[in-house]
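Enquirer: The following block contains the structure, expressed as structure tokens.
In the numbering used here, the protein residues as written are -15 to 479.
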């Protein structure tokens, strides 16, 4: 009875769907999440059709998007959703009180510290390893949005971002119903362009002129893309529910399995067990992308054949992930918007050891579980080794298609094994089980990657950037800056 009682209180959100949870034998928090996302999908269609920018004002769109988002958050997380408002309110105050010169640093410090405090509380106050009522998931995306906006204002990357958003615009950006539960993060400028009814602003309109001879006037429909993404997401959910229990990750550290299974079979099982964990992420992120597209957000111009692209805020490319031939290609196609955020706020700004700094920031952002830190610390050495191999070995295989094919097959297998080896602690969460797994592999990838990174020379990033700047023609840069200044001046005249 005690176990049942604790189980019923694991979700701090609404208990309205408790009968559905009992029928499906799924945790109530997961049922609430899926139902809210489906309601968000329906709301997104309604939002695009009945609150279209041509029919209503940006103010109304901001209000409705924010209120719906807060309702879904309260339904899923109960009073914990207030943390979303507190975190956003604190950082908005910092933006008001501090100057442009320092706001990005203060916002990053405060937003990340508040997120970390909530994550530590959730891990060490509540049951360790319990994912129920994980209100810190949405806060991770809000942290990205807060810091992205602060850095954009500081950098002046977009002329629009030189104007401080109003409080309503700020909360709408952080807490709108399309991305409150699962993201993905997006540029503030792109979000405001969507709300105001100009989704092609800052997109490549010149490509439209070349493909059509004139700028397209009709607004592309996302319906086909939404149907495709929803079907993909639920197929991934079906795959996950069907096979996740067939290949449990915990078996990789089972004593009998380690003692009685040949090493090659352990490698195959490791790949299969980690492969079956990915569809749940495919489901969540693809459905979130579909919700944004259904509302009309995510248009990214047209392909060369004139087909509309709805990948502006897409978070993953499934086939590129499964067939990645390098660690970098895998990471570039997995959690894409987070990778862009890490690159903007850390990698491009860190003068020395940017790879290590970026992985450490990613670990801090993900949460307080020790397994996260083991994963990202391992990712540092594997990234350095993979970069060294690519720079020193790959050129020797590009002389013929057959050699390139052999290289791709070998690097695909190596990449998949390296990813699985790296991510096991991320799934196991605790230090003991994670180190037990690495010991069963004799830390072989750690040792091998360190040796490769030391033995194969690669220029430091700041030296590679200097070489690129020397080889890059100056005229296009000057022309781009002049065009940017002209656009900014034009905007100032019209405002």
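Ideal Cβ positions, reconstructed from N, Cα and C, are used throughout, including at glycine.
By alpha-carbon positions, which one of 419, 346, 427, 158 ends up nearest to residue 51?
Expert: When each option's Cα is compared against that of residue 51, the closest is 158.
Enquirer: Give every residue of the same chain whose Cβ lies closer than 7 Å to the Cβ of residue 373, excluding the five residues on either side of it in the sequence, and list them in chain order.
Expert: Result list for residue 373: 436, 440, in chain order.
Enquirer: Given that a residue counts as buried once 16 or more other Cβ atoms are within 10 Å of its Cβ, and exposed if not, what is residue 115?
Expert: Reliability fails at residue 115, whose pLDDT of 49 lies under 50, so the model's placement of it is uncertain and the value that follows must be treated cautiously. Exposed, because fewer than 16 other Cβ atoms sit within 10 Å of the Cβ of residue 115.
Enquirer: Determine whether the beta carbon atoms of residue 136 and residue 173 lie at a separation below 9 Å.
Expert: Yes, the Cβ-Cβ distance between residue 136 and residue 173 is below 9 Å.
Enquirer: How close, in whole Å, do the beta carbons of residue 320 and residue 300 come, if the pair is a contact with beta carbons under 8 Å?
Expert: Going by Cβ atoms, the distance from residue 320 to residue 300 rounds to 6 Å, so yes, they are a contact pair.
Enquirer: In angstroms, rounded to a whole number, what distance separates the CA positions of residue 417 and residue 358?
Expert: Approximately 11 Å between the Cα atoms of the pair.
Enquirer: I need the DSSP call for residue 193, collapsed to helix, strand or coil.
Expert: Only weak support is given to the placement of residue 193: the predicted model assigns it a pLDDT of 46, under 50, and the value that follows is read from those uncertain coordinates. Helix at residue 193.
Enquirer: So which of 90, 385, 181, 64 has the shortest CA-CA distance to residue 105?
Expert: That would be 64, whose Cα lies nearest to the Cα of residue 105.
Enquirer: What's the gap between the Cα of residue 481 and the Cα of residue 229?
Expert: This structure gives no information on residue 481, because the portion of the chain shown stretches from -15 to 479.
Enquirer: At the level of alpha carbons, what is the spacing between residue -1 and residue 138?
Expert: So the alpha carbons of these two residues sit roughly 43 Å apart.
Enquirer: Among the candidates 353, 355, 352, 365, whose CA atom is the shortest distance from the CA of residue 341?
Expert: Minimum Cα distance to residue 341 is reached at 365.
Enquirer: Cα separation between residue 419 and residue 181?
Expert: Using only the alpha carbons, I get a separation of about 52 Å.
Enquirer: From the DSSP output, which residues share a beta bridge with residue 336?
Expert: Paired residues: none, contrary to the question.
Enquirer: If you pair each beta-carbon of the stretch 212 to 225 with each one of the stretch 261 to 270, do three or more pairs fall below 8 Å?
Expert: The stretch 212 to 225 vs the stretch 261 to 270: in contact.
Enquirer: From residue 93 to residue 314, what does the alpha carbon distance come to, in whole angstroms?
Expert: For residue 93 and residue 314, the distance between alpha carbons rounds to 29 Å.
Enquirer: Distance check for residue 14 and residue 193, CA to CA, integer angstroms please.
Expert: Only weak support exists for where residue 193 lies, its pLDDT of 46 falling under 50; the value from the coordinates is given anyway. Using only the alpha carbons, I get a separation of about 46 Å.
Enquirer: Just reading off the alpha helix (DSSP H) that residue 65 is part of, what are its end residues?
Expert: Element bounds for residue 65: n/a, residue is neither H nor E.
Enquirer: Using the three-state DSSP reduction, which class does residue 51 fall into: helix, strand or coil?
Expert: Looking at residue 51 - three-state DSSP - the assignment turns out to be helix.
Enquirer: Within the same chain, show all residues whose beta-carbon is closer than 8 Å to that of residue 246, passing over the 5 residues directly before and after it, in chain order.
Expert: So no residue of the chain qualifies.
Enquirer: On the DSSP letters alone, give me the boundaries of the alpha helix (DSSP H) that residue 174 sits inside.
Expert: That run of the alpha helix (DSSP H) goes 172 to 179.
Enquirer: Check the DSSP bridge columns for residue 292 and list the partner residues they point to.
Expert: Residue 292 is bridged to 286.
Enquirer: Considering only the alpha carbon of each residue, which of 236, 309, -5 lies closest to residue 370?
Expert: Cα-wise, what sits closest to residue 370 is 309.
Enquirer: For residue 131, which residues from the same chain have a beta carbon less than 8 Å from its beta carbon, with the 5 sequence-adjacent residues on both sides left out?
Expert: Same-chain partners within the cutoff: 88, 91, 92, 95, 96, 325, 329.
Enquirer: Measure the CB-CB distance between residue 272 and residue 123 and report whether it falls below 9 Å.
Expert: Not in contact: residue 272 and residue 123 (Cβ atoms no closer than 9 Å).
Enquirer: Can you tell me which of the three DSSP states residue 92 falls into?
Expert: DSSP places residue 92 in helix when its eight states are reduced to three.
Enquirer: Would you call the CB atoms of residue 363 and residue 381 closer than 9 Å?
Expert: No. Outside cutoff.
Enquirer: Do three or more CB pairs link the stretch 281 to 291 to the stretch 230 to 245 at distances below 8 Å?
Expert: No, they do not touch.
Enquirer: Return the first residue and the last residue of the alpha helix (DSSP H) that residue 5 is part of.
Expert: Here the alpha helix (DSSP H) through residue 5 covers 2 to 8.
Enquirer: Which term fits residue 282, buried or exposed, when burial requires 16 or more other beta carbons within 10 angstroms of its beta carbon?
Expert: With 16 or more other Cβ atoms within 10 Å, it is buried.
Enquirer: On a CA-only basis, which of 215, 73, 108, 278 is nearest residue 34? Give me that one, please.
Expert: Of 215, 73, 108, 278, the residue nearest in Cα terms is 278.
Enquirer: Smallest Cα separation from residue 29: which of 213, 398, 206, 150?
Expert: Among 213, 398, 206, 150, the Cα nearest to that of residue 29 is on 206.
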